[in-house]
Amino acid sequence: MWPDSDLKVASLVSNGQHPKSGRSRRASQDARAVELALKMTGRAARVIHVGTGHRDSGLGQYLGMGLPEITLLNADENADAVPVLVDHLKGTDLDIVLTGIHAEQGEASGMVPYLLAEHLGWPLVSHIADIQKVEGGKAEVLQALPRGQRRLLRVPLPFIATVDNAAAEARQYAFGAARRGKLVDEVIDAPVDQARLEWESHPAKPRPKRLHVAKAKSAADRFKAATAKPQGQGGSVLRDGTDLEKATAIMDLLISEGVVR
Amino acid sequence: MSEAPRRDPRAEWILRNRLHPEHDVLVAAHSGPTRGPTGLLRKNPHAVGFIGPQGIKRIDRSAGLSGGASGLSSGARGRSASTEVELPLHRVEHPDFYVAVVVDLVAGRLSSHDRDILGQARILAKGSEEQGAVVAVALGEAREANFEAAGADRLVSLTELQGQSLSGYCPEHKLAVLEAVEAELSPRFWLFPDSIHGGADLGSRLAARLGERPAVHAWKVDAQQTVCRGGSQLTDWHRPTARVLLLAEECALPVDETRHEARPIELASIPEVSALIEDLGQVDVDPSKIALGEAEFILSAGNGIRDWDQFHAVATALGATEGASRVAVDDGHMPRNRQVGATGTWVTARVYVAIGISGAIQHLQGIGQCDKVVAINLDDSCDMIKRADLSVIGDSQAILGELLRLAEARQGGTGDAAIDLTEEARHVA
Chain S
1 MWPDSDLKVA
11 SLVSNGQHPK
21 SGRSRRASQD
31 ARAVELALKM
41 TGRAARVIHV
51 GTGHRDSGLG
61 QYLGMGLPEI
71 TLLNADENAD
81 AVPVLVDHLK
91 GTDLDIVLTG
101 IHAEQGEASG
111 MVPYLLAEHL
121 GWPLVSHIAD
131 IQKVEGGKAE
141 VLQALPRGQR
151 RLLRVPLPFI
161 ATVDNAAAEA
171 RQYAFGAARR
181 GKLVDEVIDA
191 PVDQARLEWE
201 SHPAKPRPKR
211 LHVAKAKSAA
221 DRFKAATAKP
231 QGQGGSVLRD
241 GTDLEKATAI
251 MDLLISEGVV
261 R
Chain U
262 MSEAPRRDPR
272 AEWILRNRLH
282 PEHDVLVAAH
292 SGPTRGPTGL
302 LRKNPHAVGF
312 IGPQGIKRID
322 RSAGLSGGAS
332 GLSSGARGRS
342 ASTEVELPLH
352 RVEHPDFYVA
362 VVVDLVAGRL
372 SSHDRDILGQ
382 ARILAKGSEE
392 QGAVVAVALG
402 EAREANFEAA
412 GADRLVSLTE
422 LQGQSLSGYC
432 PEHKLAVLEA
442 VEAELSPRFW
452 LFPDSIHGGA
462 DLGSRLAARL
472 GERPAVHAWK
482 VDAQQTVCRG
492 GSQLTDWHRP
502 TARVLLLAEE
512 CALPVDETRH
522 EARPIELASI
532 PEVSALIEDL
542 GQVDVDPSKI
552 ALGEAEFILS
562 AGNGIRDWDQ
572 FHAVATALGA
582 TEGASRVAVD
592 DGHMPRNRQV
602 GATGTWVTAR
612 VYVAIGISGA
622 IQHLQGIGQC
632 DKVVAINLDD
642 SCDMIKRADL
652 SVIGDSQAIL
662 GELLRLAEAR
672 QGGTGDAAID
682 LTEEARHVA
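Here the protein sequences come in this chain order: S and U. For the first sequence, position 87 matches number 87 in the working numbering, and the numbering has no gaps at all. So the mapping is simple: the working numbering equals the position in the second sequence, first residue as 1, plus 261.
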């Protein structure tokens with residue numbers, strides 16, 4: 001059923017950075033969002049970026065995934081992206097807006113999709129792995145849960161979704177496609193994020209590891225805490241009974257823990 | 262007869278001689294307070310202590326404080342059994358303000374992350390001269406969640422709202438509850454665990470609704486200043502403390518010195534919610550495609566397994582991810598990427614079933630983070646039995662056979678859709 005030509009899907013992308021070298025690149029979750037949009041609508045997928053972008057930064061890598069163009073809302077580095085995006089999305093006819101969960105640079109609060117959803121009054125689905133189908137104005141969305149589990153949700157269009165790392169990996173980008181793609185500039189008036197200017201940014205300090213300090217009242221207790229082998233509380237042991245009883249005991253535990261449904 | 266106390270040289274001689282057959286009887290008779298010849302109360306220094314296993318006299322001076330040493334002395338054994346210390350109760354009758362903590366309750370239990378957040382809330386509540394109360398907001402079913410010990414003064418606990426169970430994915434309903442808490446108590450701080458279990462999602466929603474700018478991934482928080490970790494873990498943002506805080510793991514120490522009331526609070530009214538997102542339930546995932554390190558339910562096989570086809574069938578029927586001990590992998594029964602333990606994968610499963618695994622220390626290290634361990638083994642003295650929460654002693658092949666029958670009977674009873682999905686999963690596997 002994909003690609004669906006009637007569907008209007010946009011992804012919001014940001015500049016990423018490599019976690020070790022800090023080198024500019026496409027953000028991994030945003031690239032997955034673009035990948036999902038490309039899967040759903042083909043080359044009709046819209047991609048929007050707020051900031052000072054140029055082709056040699058991460059934006060080029062998004063273009064290299066085969067996009068014809070990226071809408072670039074030109075804003076200063078200290079600008080607040082949310083009001084700009086709200087204005088832009090209000091003036092655009094869209095069904096689905098996809099983003100990553102966190103940016104890879106700056107504050108990385110992950111609040112942009114939530115604020116957009118609040119301002120536009122759209123529902124928001126977080127951590128999605130895939131969009132399975134869109135039928136009758138409703139989409140069936142596969143949400144990624146911890147421990148590799150998945151949950152199926154039904155959401156009415158239009159909605160905003162944040163794309164999890166469990167989604168399909170973004171395709172390789174190509175140099176030629178990155179040169180051919182266009183950056184469509186839009187001059188806008190972006191307000192400055194005043195609150196952020198007052199904050200201080202430092203290189204990340206390694207967080208102290210938590211030490212397990214034995215809170216003991218007496219020397220004998222401290223000695224015991226330092227030397228004694230940690231003993232399990234000792235669970236219940238089933239020695240007697242038929243095999244069926246033993247298997248039932250195990251099954252009851254699995255059901256009460258909710259791992260067997 | 263004169264009243265003068267008289268000595269009994271023979272009894273004294275027997276008391277001195279530990280090997281005399283009447284020694285124990287006489288010691289028992291003389292164990293009370295004794296009076297000397299002048300009527301003075303006498304202490305017998307020889308009656309202190311006990312004879313150790315080497316025949317050497319030992320005196321335990323720890324007065325029953327330590328659990329370990331008192332095991333030797335028969336006198337202290339009774340005391341050490343009841344050393345469960347009652348922590349002092351911290352009571353807040355009329356709080357000046359509230360600190361709200363929305364706990365994750367993964368599988369109905371307080372996670373260590375939740376406890377850290379409650380510890381942080383405790384610090385924020387007692388910071389100034391005013392006294393605040395910590396309100397724990399528990400949405401969904403809570404089992405074995407000890408809010409008293411974790412540090413909650415008040416408790417808002419809801420399992421369902423307007424006919425919708427709060428255990429599934431229902432952010433709109435949960436947000437409505439939080440808004441009701443906000444309207445009723447207007448907490449000074451809102452604390453959320455910045456976790457993938459829903460805490461970060463709900464916290465962001467509330468922050469957007471209240472128009473507050475949250476501090477995300479905060480790891481060092483006091484009443485004035487917060488340090489947050491920025492994107493790609495490369496920067497730290499120092500900023501004034503926000504009203505909504507999404508806290509990283511190990512941001513503070515959990516409460517362990519006081520007990521708290523966890524007094525329930527009833528919310529007066531929650532407005533009608535019209536939810537747009539519809540939860541269609543969890544989808545069956547092929548368990549063999551889940552990485553071992555993040556699997557929730559692992560069925561692990563060791564040297565005690567003879568019938569490997571049966572083991573695979575049980576794992577498929579129960580929907581468990583397969584694991585193996587080193588011996589099973591070395592013997593070629595299982596692939597290397599399924600090995601659990603220090604040299605394989607360190608697993609974090611919630612339920613770990615070890616079949617025919619005796620529990621080498623490397624294996625026990627690998628399952629250190631598992632919540633519930635079930636062991637099936639023939640040998641009831643092995644280390645795995647000591648670690649396990651439920652141990653079954655018996656032949657693994659027979660017990661697995663019964664387990665397989667139970668699992669298949671259960672699948673037969675749950676309707677056609679479930680069967681279709683498991684059939685599909687089997688084809689994939």
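Ideal Cβ placement from N, Cα and C applies to all residues, glycine included.
| Check | Outcome |
| --- | --- |
| Test: U:A289 CB closer than 9 Å to a CB of chain S | no |
| Beta-bridge partners of U:S652, as assigned by DSSP | S:V237, U:A636 |
| Of the residues U:G673, U:G369, U:V614, U:G459, the one placed nearest S:A249, counting alpha carbons only | U:V614 |
| For S:K76, three-class secondary structure by DSSP | It should be noted that the sequence gives Asp, not Lys, for residue 76 of chain S. S:D76 falls in the coil class under three-state DSSP. |
| Neighbour flag for U:D650 against chain S, beta carbons, 9 Å | yes |
| Reduced DSSP category for S:H54 - H, G, I as helix; E, B as strand; rest coil | coil |
| Below-9 Å beta-carbon distance, U:L333 vs any chain S residue | Per-residue confidence for U:L333 stands at a pLDDT of 40, beneath the threshold of 50, marking its modelled position as unreliable; the derived number appears in the next sentence. By this cut-off, U:L333 is not an interface position. |
| Where the beta strand (DSSP E) through U:P454 begins and ends | 450–454 |
| Within-9 Å CB hit, U:A581 to chain S | yes |
| Assigned exposure category for S:Q29 - 16 Cβ within 10 Å defines buried | buried |
| Three-state secondary structure assigned by DSSP to S:G42 | helix |
| Identity of the residue in U:T487, U:G297, U:T609, U:R611 nearest U:A265 by Cα | U:G297 |
| Proximity test, Cβ basis, 9 Å: S:F175 and chain U | no |
| Where the alpha helix (DSSP H) containing U:L625 begins and where it ends | 622–627 |
| Secondary structure of U:L682, DSSP reduced to three states | Its pLDDT being 38, under 50, U:L682 is placed unreliably by the model, and nothing is read from it. |
| Reduced DSSP category for U:W569 - H, G, I as helix; E, B as strand; rest coil | helix |
| Where S:Y263 falls: helix, strand or coil (DSSP) | Given a span of 1 to 261 for chain S in the structure shown, any question on residue 263 of chain S remains unanswerable. |
| Outcome for U:A382 when other beta-carbon atoms lying within 10 angstroms are tallied against a minimum of 16 | buried |
| Proximity of U:A636 and U:I646 at Cβ, strictly below 9 Å | yes |
| Same chain only: Cβ atoms within 7 Å of U:S327, ignoring 5 sequence neighbours per side | Low per-residue confidence applies at U:S327: pLDDT is 48, beneath 50, and the placement is therefore not dependable enough to give any value. |
| Short CB-CB distance (under 9 Å) between S:R261 and chain U | yes |
| Sequence-distant residues of its chain with Cβ nearer than 6 Å to U:G565 (five each side left out) | G617, S657 |
| Distance between U:V505 and S:L7 (C-alpha atoms, nearest Å) | 36 Å |
| Of the listed residues U:W480, U:R671, U:E445, U:T606, nearest to U:G380 (C-alpha basis) | U:W480 |
| Cross-strand partners of U:E421 (DSSP beta bridge) | U:S426 |
| Identified DSSP bridge partners for U:E539 | S:R154 |
| For U:K647, the three-state DSSP class (helix, strand or coil) | helix |
| Chain-ordered chain S contacts of U:L537 [CB-CB under 9 Å] | W122, P123, V155, P156, F159 |
| U:A479, DSSP secondary structure in three states | strand |
| Sub-9 Å separation of S:V84 and S:A190 beta-carbons | yes |
| Buried or exposed (CB count within 10 angstroms, at least 16 for buried), U:D592 | exposed |
| Chain-ordered chain S contacts of U:Y430 [CB-CB under 8 Å] | Q143, R151, L153 |
| Between the CA atoms of U:A509 and U:K671 - distance to the nearest angstrom | Strictly speaking, residue 671 of chain U in this sequence is Arg, with Lys absent from that position. Cα-Cα distance, rounded: 40 Å. |
| Minimum Cβ-Cβ distance from S:S126 to chain U less than 9 Å | yes |
| Between the CA atoms of S:V192 and S:A81 - distance to the nearest angstrom | 9 Å |
| Whole-number beta carbon distance between U:L514 and U:E445, since they are thought to touch under 8 Å | Incorrect: roughly 30 Å between the Cβ atoms, too far for contact. |
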